[in-house]
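Q:
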Amino acid sequence: MEIDVQRQLQMPQKMVRHVLRKRLKMKPYVIQLVQQLKQEDYGKRMNYATFMQESMEDETMADRLIFSDESTFHISGKVNPYNSRIWGTEKPSTVIEDERDSAKVNVFCAISSCKLYGPFFFSERSVTSNVYLDMLEVWLMAQLDSDSTDYIFQQDGAPPTLEYGGSHIFKPTSSKTLDRSKWRCR
């Protein structure tokens, strides 16, 4: 809003900010994107936090953990809400509609206490279970196995990762993965 007003009125940014703050008594608010939690999530999160805290009694646990996640970056020029501010006299409860089917790139990374694995850029438009599994088998597992045979892999709960869950690679009871029954994100 501030930059738009600055352009429309052809006023210096400092003056626009002064008017918004001092005369109109407005403040800049950051738009927050948060995951909706359901009632059953609170107990599961507490149980998982307790499980992880107890697991850390093993001094090698933190060094063996490998965390992973994927993210989608839109290249359409739409505004990143983390960099946006809404000016107002009170905190807004604004909803921002998401642009569907815009050009994007999907990226995977994993991180351990001593190494970053990635980024891996998916060439496919969407990350399906087969695409994700291929990336695990061909790209990530070769690196993990060459670095160490004693690791614990945390895999997120995104739909493509859940369909197979890497079960072709990691046995569900394997010590190489975190037990998803204790860690359930949506």
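So the sequence shown is numbered by this note's numbering: it starts at 220 and just counts up by one.
Here a beta-carbon is modelled for each residue, glycine too, at the ideal position from N, C-alpha and C.
Keep in mind that this is a model prediction, so the values were computed, not measured.
(1) Could you work out which residue in S331, D320, W306 is closest to D282 when comparing CA atoms only?
(2) Am I right that T291 and K323 are in contact with their C-beta atoms under 8 Å? What's the rounded C-beta distance?
(3) How many angstroms separate the CA atom of Q227 from the CA atom of P311?
(4) Should L359 and Y336 be called a contact, given that it needs their Cβ atoms to be closer than 8 Å?
(5) Just confirm the distance between the C-beta atoms of C328 and D288, as a whole number of angstroms; I'd bet it's less than 8 Å.
(6) Under the three-state reduction of DSSP, which class applies to L243: helix, strand or coil?
(7) With 16 other CB atoms within 10 Å as the buried threshold, where does S321 fall?
(8) Under 7 Å Cβ to Cβ from E343, same chain only, skipping five residues before and after it: list those, please.
A: A quick look at the data gives this:
(1) S331
(2) 5 Å
(3) So the alpha carbons of these two residues sit roughly 24 Å apart.
(4) yes
(5) Yes, they are in contact, since the Cβ atoms of C328 and D288 sit about 7 Å apart, within 8 Å.
(6) Coil at L243, not helix or strand.
(7) exposed
(8) V350
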